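Peer 1:
In mature numbering (1 follows the signal peptide of the UniProt record, and there is no 0), the protein residues as written are -18 to -1, 1 to 83.
1) Determine whether the beta carbon atoms of residue 15 and residue 80 lie at a separation below 9 Å.
2) Does DSSP classify residue 30 as helix, strand or coil?
3) Give, in chain order, every unbroken run of the alpha helix (DSSP H) that is at least 4 residues long and sits entirely within the segment 46 to 79.
4) Quick one: using the 10 Å Cβ neighbour count with 16 as the cut-off for buried, is residue 76 buried or exposed?
5) Kindly list the residues whose CB is nearer than 7 Å to the CB of residue 61, restricted to its own chain and excluding five residues on each side of it in sequence; keep chain order.
6) Can you have a look at residue 13 and say buried or exposed, based on whether 16 or more other CB atoms are within 10 angstroms of its CB?
7) According to DSSP, is residue 16 part of a helix, a strand, or is it coil?
8) Where does residue 31 land, buried or exposed, given buried means 16+ other C-beta within 10 angstroms?
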C-alpha cells in the first residue's frame, strides 16, 4: 500500500503541469463599454487559437459565481493583434454583459 501512494504522487504532479494554460495580460484602449466591462468584472478571459491568418476567439467574463460569455467568432489575425477584446466581443454583446454585472 505504501508503494501505491508513492507512485500516485508523481502522477498527480505531472497531470497538473500538463493541464496548465498559458496566461498573459492584454491591455485595451477600446473605451466604452469594453473598459467598463473589464473594470467591473472579477476576471475577463480571452480564449483564442491562431491558424495561419485567422484567429478564432471568445471572451469570458466572470463576476462572482456567474459566467457570461460572448459567441465564438473567427477574425483576421491582424484585427486580433490590433484590438483583441473589441474584435472578439461585439459592442452590442459587451453592453449586454455590462448591464448584467
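Think of the CB as a built atom: it goes at the ideal place given N, C-alpha and C, for glycine as much as any other residue. If you're wondering where the values come from, they're calculated on a predicted model, not measured in any experiment.
Peer 2: By the coordinates alone:
1) yes
2) strand
3) 59 to 64, 66 to 70
4) buried
5) 69
6) exposed
7) helix
8) exposed
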